[in-house]
Amino acid sequence: KRFHYDDHAQLQQHLANFIDAYNYGRRLKALKGLTPYEFICKQWTSEPERFKVNPIHLMPGLNS
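The opening residue of the sequence shown carries number 57 in our numbering; numbering runs sequentially from there.
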């Protein structure tokens with residue numbers, strides 16, 4: 057499928073939407089059926105010392 061954009065900002069927005077949909081919606085076999093975001097949150101709860109920032113604070117939403 058091909059997409060055509062009027063400017064660079066439209067391309068960036070489309071790529072950001074695609075990455076968000078993939079990270080928050082796609083369940084992967086390699087991660088035992090978890091989405092990448094769910095896997096990161098699960099790892100954070102089991103080993104928080106490996107992370108500098110709480111991954112829940114990086115979730116896009118109303119206050120981001």
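Virtual Cβ for every residue (Gly too), placed ideally from N, Cα, C.
Could you tell me which residues DSSP pairs with L71 in its beta bridges? By DSSP's assignment, L71 forms no beta bridge with any residue.
May I ask you to list the residues that DSSP assigns as paired with L84? L90
Pick helix, strand or coil for K108, following the three-state DSSP scheme. DSSP places K108 in coil when its eight states are reduced to three.
For P111 and F95, what's the separation of their Cα atoms in angstroms? 11 Å
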